[in-house]
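Take a look at the structure set out below.
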Amino acid sequence: MLYKGDTLYLDWLEDGIAELVFDAPGSVNKLDTATVASLGQALEVLEKQHDLKGLLLRSNKAAFIVGADITEFLHCSSYPKSS
Numbered sequence: 099m100l101y102k103g104d105t106l107y108l109d110w111l112e113d114g115i116a117e118l119v120f121d122a123p124g125s126v127n128k129l130d131t132a133t134v135a136s137l138g139q140a141l142e143v144l145e146k147q148h149d150l151k152g153l154l155l156r157s158n159k160a161a162f163i164v165g166a167d168i169t170e171f172l173h174c175s176s177y178p179k180s181s
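Numbering-wise, this note's numbering comes out as the position in the sequence shown, counting from 1, plus 98.
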């Protein structure tokens, strides 16, 4: 295994192919800050694999990714909160 995060992992298959598997705790995968951070770290690991020929993306859930975690939207706003 090349990388193991809280919501995804990166594995080396064969013949220069890596596999990135989304597998968040719970019943679905969603794009949240933890997943985006793990994705960035996994891609940094991949950049160091000079014999990489391809990347397979998959999910261990029924749906690949259900969407963004809307509960985090309030933390992402660039607008000042009104008083």
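The beta carbon of each residue, even a glycine, is placed where N, CA and C say it ideally should be.
From a predicted model like this one, the values you see are computed outputs, not experimental measurements.
Check                                                                                                  : Outcome
Cβ neighbours of Leu100 in the same chain (closer than 6 Å, five flanking residues each side left out) : Leu108, Trp110, Val143
Inter-residue spacing [alpha-carbon to alpha-carbon] between Ala161 and Ala135                         : 20 Å
Same chain, Cβ closer than 8 Å to Gly165, neighbours up to 5 away in sequence not counted              : Lys128, Leu129
Which listed residue (Asp113, Phe120, Ala132) has its alpha carbon closest to that of Glu170           : Ala132
Alpha-carbon spacing of Arg156 relative to Leu172, whole angstroms                                     : 29 Å
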